[in-house]
Amino acid sequence: MSKSFVSTLPKKKIAAFCKRWNIRSFALFGSVLRDDFRPDSDVDVLVSFAPQAHVTLFDMVRMQEELKTIFGRNVDLISRRGVENSRNYLRRKAILESAQVIHAS
1 MSKSFVSTLP
11 KKKIAAFCKR
21 WNIRSFALFG
31 SVLRDDFRPD
41 SDVDVLVSFA
51 PQAHVTLFDM
61 VRMQEELKTI
71 FGRNVDLISR
81 RGVENSRNYL
91 RRKAILESAQ
101 VIHAS
């Protein structure tokens, strides 16, 4: 796990981001949690939205851009619902089993 990156996450900014976008759960997965995380690696983010959230594709793009600014890195942002509905069992299993929740409300 890239403990140095995870330990330096701006928790208050992440909490504000989640509140603004009606995100119930904010998790990381992928290389950011492994030893192969490099300076040029992107950050893989998995989010779950509150039931009242109505998120569009444009909202997802805006969220991704906002997270790029917060992390200072490229970000891959996906919704938990999208992963759960994926027909790719191996990808779904890998993401859901490795995701580490950073913020929950």
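In the numbering used here, the protein residues as written are 1 to 105.
No residue lacks a Cβ here, since even glycine has one placed at the ideal position from N, Cα and C.
Keep in mind the model is a prediction, meaning the values are calculated, not measured.
Are Val-45 and Asp-76 closer than 8 Å when you measure CB to CB? Result yes, Cβ atoms of Val-45 and Asp-76 sit closer than 8 Å.
Using the three-state DSSP reduction, which class does Gln-108 fall into: helix, strand or coil? Outside the modelled stretch of the chain, which goes from 1 to 105, sits residue 108, for which no answer is possible.
So which of Pro-39, Val-43, Met-60 has the shortest CA-CA distance to Gln-100? Minimum Cα distance to Gln-100 is reached at Val-43.
Residues of its chain near Pro-10, where Cβ-Cβ distance is below 7 Å and the 5 sequence neighbours each way are ignored: Scanning its chain for C-beta atoms nearer than 7 Å, with the 5 sequence neighbours on each side dropped, one finds around Pro-10 the residues Ile-70, in chain order.
Which class does Asp-76 belong to by DSSP, given the choice of helix, strand or coil? Looking at Asp-76 - three-state DSSP - the assignment turns out to be strand.
Run of the alpha helix (DSSP H) containing Ala-16, from where it starts to where it stops: Counting along the chain, the alpha helix (DSSP H) containing Ala-16 begins and ends at 11-20.
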